[in-house]
Amino acid sequence: MGKRPQLPEEFRAEARSAFAFLVEGEGFAPPEDIDGGLRYLRADLMVRVWFLGGAESEVLTRLIPLAPDGSRGKGAWLDDLYKAAACGPAQDVPVFASTRRGVLRRVHQHAEALRKLLPRLPVP
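Numbering (the working numbering), first residue to last: 6 to 129.
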């Protein structure tokens with residue numbers, strides 16, 4: 006029996022799959038590995054998705070606007086933007102996950118929330 010992959014590796018694989026719509030239809034470059042997660046870049050926007058393990062594991066997604074000169078804006082958490090754009094309550098984008106299954110479920114919840122949010126973001 007083979008060794009089971011580590012949860013951060015499973016997280017990255019699941020996130021690549023769940024967030025593939027960013028590359029396939031939203032104009033983002035393929036994801037780059039960053040410490041703890043993935044980064045997706047488009048001319049006007051950066052999306053960072055990462056996993057913080059530990060006693061209270063979290064899945065976090067942050068959107069950061071990019072100016073034409075490449076400088077970064079302040080950015081905001083996905084759950085805050087989701088609520089502000091009237092996509093639904095922030096609870097639709099939970100971050101805490103105490104189990105492997107919960108972590109992988111959070112990845113899909115974040116991807117679905119981002120899919121709903123992107124069309125509501127202002128066009129640069």
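Backbone N, C-alpha and C fix where the C-beta goes; we use that ideal spot for every residue, glycine too. All of these numbers come straight from a predicted model, not from anything done at the bench.
Query - Distance between R105 and F71 (C-alpha atoms, nearest Å) - result: According to the sequence displayed, residue 71 carries Leu and not Phe. If I take the Cα positions, the gap works out to 33 angstroms.
Requested in this report: Using three-state DSSP, classify V112 as helix, strand or coil.
Outcome: Of the three classes helix, strand and coil, the one that applies to V112 here is helix, per DSSP.
Query raised in the report: Just to confirm, are V100 and Y87 a CB contact at a threshold of 8 angstroms?
Result: No; because the gap between Cβ atoms is not below 8 angstroms, this pair is not in contact.
Query raised in the report: Beta carbon of L68, beta carbon of V52: below 8 angstroms?
Result: Between L68 and V52, the CB-CB gap stays under 8 angstroms.
Query raised in the report: In three-state terms, what does DSSP make of E126?
Result: According to the sequence as given, residue 126 is Leu; it is not Glu. Note: L126 maps to coil in three-state DSSP.
Query raised in the report: Can you tell me the Cα-Cα spacing of P36 and V108, whole angstroms?
Result: Each residue's Cα considered, the two are about 19 angstroms apart.
**Report entry** Contact set for F24: own chain, Cβ-Cβ below 6 angstroms, skip 5 residues either direction
**Finding:** So the qualifying residues of the chain are A116.
Requested in this report: Report the rounded CA-to-CA distance for L119 versus L46, giving the unit in angstroms.
Outcome: Rounded to whole angstroms, L119 to L46 spans 14 angstroms at the Cα level.
Query raised in the report: Which of the three DSSP states, helix, strand or coil, is assigned to F24?
Result: If DSSP states are grouped into helix, strand and coil, F24 belongs with coil.
Query raised in the report: F56 to E63, Cα distance in whole Å?
Result: Looking at the two C-alpha atoms, the distance is approximately 6 angstroms.
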